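Those letters in the sequence shown? Residues 1 to 77, by our numbering.
Ideal Cβ positions, reconstructed from N, Cα and C, are used throughout, including at glycine.
Note that the coordinates shown come from a computational prediction; the quantities given were computed from them, not determined experimentally.
Here is the structure we will look at, set down as structure tokens.
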Amino acid sequence: MARRATLQRKVRAAHGDAGCFHCAAPLPEGGVIDHVRPISRGGLSQVANMRVVCVLCNSSKKDQLMDEWSPLRVSVE
Numbered sequence: 001m002a003r004r005a006t007l008q009r010k011v012r013a014a015h016g017d018a019g020c021f022h023c024a025a026p027l028p029e030g031g032v033i034d035h036v037r038p039i040s041r042g043g044l045s046q047v048a049n050m051r052v053v054c055v056l057c058n059s060s061k062k063d064q065l066m067d068e069w070s071p072l073r074v075s076v077e
């Protein structure tokens, strides 16, 4: 558990508070950690493969790759 918490802190530090990586929604509760390439598809639990995302994007993406999925919300910049 301690290793997982340390990895999550590193991911959050690397990607800042810019909102959801996928849809840019604000993350008032901190969001969740998503694997860009899911573990089930050969991804690793490394900072380079992880992003902070909103719960909606994380649950809708499931184990899809980025080119197989699109956010439910449209990114607003």
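Strictly by DSSP, which residues pair up with residue i?
{"i": "ILE78", "result": "Here the chain covers residues 1 to 77 and nothing more, so residue 78 does not appear."}
Which residue from the options puts its Cα closest to that of residue i?
{"i": "ALA13", "options": "CYS57, CYS23, ASP63 and GLY30", "result": "GLY30"}
{"i": "ARG3", "options": "SER60, GLN46 and LEU72", "result": "GLN46"}
{"i": "THR6", "options": "PRO28, ALA25, ALA18 and ILE33", "result": "ILE33"}
Is the separation between the beta-carbon of residue i and that of residue j shorter than 7 Å?
{"i": "CYS57", "j": "HIS35", "result": "no"}
{"i": "HIS15", "j": "VAL53", "result": "no"}
{"i": "PRO38", "j": "ASP67", "result": "no"}
{"i": "SER59", "j": "LEU72", "result": "no"}
{"i": "PRO28", "j": "GLY19", "result": "no"}
Return helix, strand or coil for residue i, following the three-state DSSP convention.
{"i": "SER45", "result": "coil"}
{"i": "ALA2", "result": "helix"}
{"i": "CYS57", "result": "helix"}
{"i": "ARG9", "result": "helix"}
{"i": "ASP63", "result": "coil"}
{"i": "ALA14", "result": "helix"}
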